[in-house]
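Its first residue numbered -6, the sequence shown is counted upward by one per residue in the working numbering. The structure appears right after this line, and notes come after that.
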Amino acid sequence: MKGHKDTIYKTVYQYNRVPISAADMERMQEIARDCREVRNYVYDRYSSIHSLSKIYPGYTVQNEMTRCGLRERLGLPSVYFYLSIFDALGDIKGRWERIKSQIEKNIRDNPNLTPQDRHYLRFVMKQSQCFESILAGGKPELKGNWKESYETVCMGVDTHRLDQYLRRQVRRHLVKPHTDTADGFPVSPKGYRYGDHGIYLSMKENRKRLFIPLTDNNRYSRQIYILLYPEENRIMINVPVEVRQRHPAGYDGETGLAMGLKCMFVTDQGRAYGERYLEYQSALTDYVRERLPRHQRNAKTNPGMKKYNAGKARLEKAMHDYVNGEINRLLETERPGTVYLPKLPAQSKAGYNGRVNATVNMWQKGFVKRRLAQKCRERSIELVEVFGKGISSQCSRCGAEGEKKEDMFRCPACRLELKERENTARNVLKRGQARREKRERGSL
Ligand SMILES: [Zn+2]
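In structure tokens:
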């Protein structure tokens, strides 16, 4: 079972207190059927060889599904729509993993393959670009070290024959997944609310929630699964619960972080670390921009160059010391067992002036993130990256699209007002938790 290494999971169940009316049951069954339709749609479109490059990490699928019009046609709330997509994608990825391990076994057992053949096949199966282009019938185009390694494994083997063998193997094991059952559906915290001795569930009718009285008053804030028993007028809610064992050093719990230039990190509790980061980083980039000697001839012996290098090293050290110190302070104060942080945006050239641009560039190269990753490793803290798109404009309480103004976030739907970065960090935490629950459920 995956997840934090000090965590044990179990499922708890919740039940309805009074029989569920036929009409309400039908409303939930409709959602279950729609979720099934979304899943089958994803299976149909993304389980073939040609979609392999789209499913890792899956944003392409998510974007294409957003545009395909299916959600609008079904009138399905987005919480159910996207969870069904993630479920289906998880199945497709899991199926690819199983195909690969089956083929690896066949490669091991095939007496007609030489050790070099096996070495080649294992390499191209591990290197995703190789794997994809060979399955698509082409030759992989690799760069740098990968190219060299590929050329090395190609030596002395009949790549044409082996590629054909691999394609045959994949075709033999590739089956399109499909599901006929619609006995339930997943709900993330966005789609439900506990209260009044029961649970309110999002329904297809706009803004209307279905209230189901429950036999207990326990509340959870994670992805749950509603199982329907229409013949018995009842439901069962499955809740994966973690039983976390304490980290040997007392590190525990989960922290979501927003990352930025002006301040290195803001936590989901609103605490800031590295508020002077930009000063250090700008001092360095300004120095590089202004002092770099114009004439770089005889760079090693040029006295101007020597002085420049010494000055640059001094500023670099100051910046590194500051970053390290602030990360230590963060980890020692928060003592998290798991840290979630958003994936860095793709490098963009637009929108900044020259001075900031150099700084942004250095920031985007991920120095701060690499230091954080290193320090988490040293303390056995799990560091998890979450999908970052739209994360700063979404309301962390209700999920609606909000407005950002002067470092504040305001939600027009639920009236939440919060510092922008704190709102982002809360979303990071939520996405991280949803992701982990998804994985747990997938591996149950
Ligand atoms: Zn809101």
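Ideal Cβ placement from N, Cα and C applies to all residues, glycine included.
Worksheet item: Can you tell me whether DSSP reads V168 as helix, strand or coil?
Response: On the sequence shown, residue 168 is found 175 positions in, with the first residue counted as 1. V168: coil per DSSP, three-state reduction.
Item to complete: For V168, count neighbouring C-beta atoms within 10 Å of its own C-beta (all shown protein chains included) and say buried if the count is 16 or more, exposed if not.
Response: For the purposes of this step, residue 168 is taken as the residue at position 175 of the sequence shown. By the neighbour-count rule (16 or more Cβ atoms within 10 Å), V168 is not buried but exposed.
Item to complete: Write down the C-beta distance between T417 and I384 rounded to the nearest angstrom, noting that I regard them as a contact closer than 8 Å.
Response: Against the sequence shown, residue 417 aligns to sequence position 424. Against the sequence shown, residue 384 aligns to sequence position 391. With 8 Å as the limit, T417 and I384 qualify as a contact, their Cβ atoms being about 6 Å apart.
Item to complete: Please work out which residues of its chain come closer than 6 Å, Cβ to Cβ, to I42, disregarding the five sequence neighbours upstream and downstream, and give them in chain order.
Response: Position 49 of the sequence shown holds residue 42. Here the set comprises L128.
Worksheet item: If you draw a straight line from the C-alpha of R161 to the C-alpha of A16, how long is it?
Response: Sequence index remark: in the sequence shown, residue 161 carries index 168 (1-based). Sequence index remark: in the sequence shown, residue 16 carries index 23 (1-based). So the two alpha carbons sit approximately 50 Å from each other.
Item to complete: May I ask you to report which of helix, strand or coil DSSP gives G188?
Response: Taking the sequence shown and counting its residues from 1, the one referred to as residue 188 is at position 195. It is a strand residue.
Discussion item. Any heavy atom of ligand 1 closer than 8 Å to the beta-carbon of A418?
Written reply: Reading the sequence shown from its first residue, position 425 is the one you call residue 418. No.
Worksheet item: CB D261 to CB E415, shorter than 9 Å?
Response: The residue you call residue 261 lines up with position 268 of the sequence shown. The residue you call residue 415 lines up with position 422 of the sequence shown. Going by C-beta atoms, D261 is nearer than 9 Å to E415.
Worksheet entry | contact_flag[the stretch 102 to 113, the stretch 84 to 92] where n(CB pairs < 8 Å) is 3 or more | no
Worksheet entry | Test item, CB below 6 Å from any non-hydrogen atom of ligand 1 | C388, R390, C391, A393, C404, A406, C407 and L409
Worksheet item: On the premise that G267 lies in contact with E319, defined as a C-beta separation below 8 Å, what is that separation, rounded to the nearest angstrom?
Response: For the purposes of this step, residue 319 is identified with residue 326 of the sequence shown, where counting begins at 1. For the purposes of this step, residue 267 is identified with residue 274 of the sequence shown, where counting begins at 1. At roughly 4 Å, the Cβ-Cβ gap stays under 8 Å, so E319 and G267 are in contact.
Worksheet item: Taking buried to mean at least 16 other C-beta atoms within 10 Å of its own C-beta, is E65 buried or exposed?
Response: Mapped onto the sequence shown, residue 65 falls at position 72. Classification of E65: exposed, given that the 10 Å Cβ count is below 16.
Discussion item. I'd like the span of the beta strand (DSSP E) that includes P335, first residue to last.
Written reply: By 1-based counting over the sequence shown, the position of residue 335 is 342. Looking at the DSSP string, the run of the beta strand (DSSP E) that includes P335 is T331 to P335.
Item to complete: Work out the CA separation of P329 and K423 for me, nearest whole Å.
Response: Position 430 of the sequence shown holds residue 423. Position 336 of the sequence shown holds residue 329. K423 and P329: Cα-Cα distance of roughly 15 Å.
Worksheet item: Where do the N-terminal and C-terminal ends of the beta strand (DSSP E) with I205 fall, by residue?
Response: Position 212 of the sequence shown, counting from 1, holds the residue named residue 205. Element bounds for I205: R202 to P206.
Discussion item. Judging by CA-CA distance, which residue of C388, M401 and E433 is the nearest neighbour of N420?
Written reply: Numbered from its first residue, the sequence shown carries residue 420 at position 427. Comparing Cα positions, the closest option is C388.
Item to complete: Give the straight-line distance between the Cα atoms of E189 and R10, rounded to the nearest whole angstrom.
Response: Working through the sequence shown from its first residue, we reach residue 189 at position 196. Working through the sequence shown from its first residue, we reach residue 10 at position 17. Checking the displayed sequence, the identity of residue 189 turns out to be Asp instead of Glu. If you take the alpha carbons of D189 and R10, they lie about 12 Å apart.
Worksheet item: Just to confirm, are K183 and G392 a CB contact at a threshold of 9 Å?
Response: The residue given as residue 183 occupies position 190 in the sequence shown. The residue given as residue 392 occupies position 399 in the sequence shown. Yes, the Cβ-Cβ distance between K183 and G392 is below 9 Å.
Fill in: Own chain partners of G425 with C-beta closer than 8 Å, once the 5 adjacent residues on each side are dropped
Locating residue 425 in the sequence shown gives position 432, where the first residue counts as 1. Excluding sequence neighbours, G425 sits near E247, G249, T331, Y333, V377 and V379.
Worksheet item: So who's on the other strand from E319, going by DSSP bridges?
Response: Start at 1 with the first residue of the sequence shown, and residue 319 comes out as number 326. Per DSSP, none; premise fails for E319.
Worksheet item: So what's L409 in DSSP terms, helix, strand or just coil?
Response: Along the sequence shown, one-based indexing puts residue 409 at 416. L409: coil per DSSP, three-state reduction.
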